[in-house]
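Just so you know, we're using the working numbering here: the sequence shown kicks off at 379 and counts up by one. Just so you know, even glycine gets a beta-carbon here, dropped at the ideal spot from N, CA and C.
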Amino acid sequence: MSRYFTEENSAETVISRLESCPDPRFRQVMESAVRHLHAFVKEVEPSIEEWRQAIDFLTATGQMCDDRRQEWILLSDTLGVSMLLETINHRARDGRTEATVLGPFHVAGVGVEEMGFDICRDGKGEPCVVSGRVADAGGRPIEGAVLDVWQTNGDGRYDVQQPDEQPENNMRGKFVTGADGRYWFRTTKPVSYPVPTDGPVGRMLDATGRHARRPAHIHFIVTAEGFEPVVTHIFVRGDPWIDSDAVFGVKESLIVPFELEEDAGRAREAGVHAPFWTAEFDFALVETSTG
Ligand SMILES: [Fe+2]
379 MSRYFTEENS AETVISRLES CPDPRFRQVM ESAVRHLHAF VKEVEPSIEE
429 WRQAIDFLTA TGQMCDDRRQ EWILLSDTLG VSMLLETINH RARDGRTEAT
479 VLGPFHVAGV GVEEMGFDIC RDGKGEPCVV SGRVADAGGR PIEGAVLDVW
529 QTNGDGRYDV QQPDEQPENN MRGKFVTGAD GRYWFRTTKP VSYPVPTDGP
579 VGRMLDATGR HARRPAHIHF IVTAEGFEPV VTHIFVRGDP WIDSDAVFGV
629 KESLIVPFEL EEDAGRAREA GVHAPFWTAE FDFALVETST G
């Protein structure tokens with residue numbers, strides 16, 4: 379092999395400069411990145427002008443980011459990389475609830491509410507009662523499990539996207555299970571919404587003929603001492619976007635039927651007005667591995 383850079387040996391020439399990298403994992407990552415990037419360029423053979431456009435796109439992606447907006451995560455999400463990473467790092471095992479993307483709208487430090495609390499603080503949307511149970515892989519209820527819940531309001535926007543329009547912590551709440559592992563809370567039926575399209579990722583979606591919609595969902599992080607946390611959503615069965623989520627987050631086991639309940643007595647029991655929606659979902663956690 380020539381010591382000098384040629385088209386044929388381009389990747390190997392660059393990789394040979396990594397020999398003195400002291401961190402073996404970092405070296406592996408860099409070698410792979412160089413190998414795949416060179417293969418990509420050889421396959422596509424971009425013109426100089428096309429490469430400049432690519433650099434401009436990546437520059438704009440970085441410039442779109444601030445403490446409220448993370449365009450790089452959106453790029454990773456819309457290219458399916460976030461979901462791949464999530465799947466690799468949380469391979470389903472022993473009947474544990476499947477994971478999906480965290481997304482950019484989680485807020486830490488939201489307060490714990492009484493079971494049954496209504497997280498809808500702006501009065502928009504259709505009332506809905508969500509309930510179920512948190513159990514271990516053997517079906518034994520977990521006491522003291524914390525469910526951290528968030529979703530958009532009836533207009534399909536998160537509170538952090540509309541800080542001047544929505545009450546603080548609108549559509550967010552935490553709930554702690556008792557000895558029976560059961561939980562329930564009041565909310566509104568989730569609605570579909572678009573990921574932000576006013577930046578470079580929106581232009582990429584548009585240019586590739588893709589839509590930006592996410593099927594309606596409710597986010598959950600379920601934690602319990604001694605158990606692996608689960609970061610997931612539940613999705614509404616029958617949602618028109620269920621098969622084409624812009625960020626590839628849907629898993630079959632997370633699709634839940636939302637049923638319309640007309641009974642006034644049941645509505646009174648739940649503290650809502652009929653008709654209202656109901657959804658049930660049980661979470662299964664596995665114990666933290668000690669090995
Ligand atoms: Fe979401």
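According to DSSP, is residue i part of a helix, a strand, or is it coil?
i    : result
F495 : coil
R446 : coil
K567 : coil
L525 : strand
W429 : helix
E637 : strand
V538 : helix
K552 : strand
H468 : coil
V490 : strand
P505 : strand
D514 : strand
Quick check: the Cα distance between residue i and residue j, rounded to an integer number of angstroms?
i    : j    : result
F659 : E428 : 48 Å
P653 : M549 : 20 Å
P578 : G501 : 34 Å
D533 : E521 : 35 Å
M582 : A557 : 49 Å
D444 : H597 : 23 Å
R446 : R535 : 14 Å
G551 : V527 : 5 Å
R405 : C399 : 6 Å
L415 : A645 : 58 Å
Y561 : I466 : 29 Å
N378 : V488 : With the chain covering only 379 through 669, there is no way to say anything about residue 378.
Q441 : Q448 : 10 Å
G580 : Y571 : 14 Å
A585 : L462 : 23 Å
Q539 : G494 : 26 Å
N387 : L396 : 15 Å
Select from the options the residue whose C-alpha is nearest the C-alpha of residue i.
i    : options                : result
D641 : S667, T437, V650, G627 : V650
G559 : F605, R518, D445       : R518
R592 : R581, V614, G643, T601 : V614
T475 : A486, D514, V490, G494 : D514
E491 : F418, T555, G643       : T555
A367 : M408, D401, R413, V407 : The first residue shown for the chain is 379 and the last is 669, placing residue 367 beyond what the model contains.
R564 : E504, T586, G604, G516 : E504
T566 : L663, P607, D496       : D496
C506 : A657, M461, F661       : A657
E423 : E385, D455, E449       : E385
V609 : T391, M442, P482       : P482
V634 : S509, A590, H484, P402 : S509
L638 : W655, A590, A648       : W655
C498 : G516, H484, N531, D472 : N531
Cβ of residue i within 8 Å of Cβ of residue j?
i    : j    : result
D537 : Q529 : no
V569 : A624 : no
E665 : G604 : yes
V600 : L480 : no
E409 : I393 : yes
So, does the CB of residue i fall closer than 8 Å to a CB anywhere in chain D?
i    : result
S622 : In the displayed structure, chain D is absent; only one protein chain is listed.
Flag residue i as yes when its Cβ comes closer than 7 Å to any non-hydrogen atom of ligand 3, and as no otherwise.
i    : result
G481 : No copy of ligand 3 occurs in the structure displayed; its ligands are ligand 1 alone.
Assign residue i to buried or exposed, taking buried as 16 or more other Cβ atoms, counted over all protein chains shown, within 10 Å of its Cβ.
i    : result
K420 : exposed
T478 : buried
R469 : exposed
L453 : buried
A602 : buried
S425 : exposed
A411 : exposed
S622 : exposed
F418 : exposed
G627 : buried
Y382 : exposed
A486 : exposed
H611 : buried
L663 : buried
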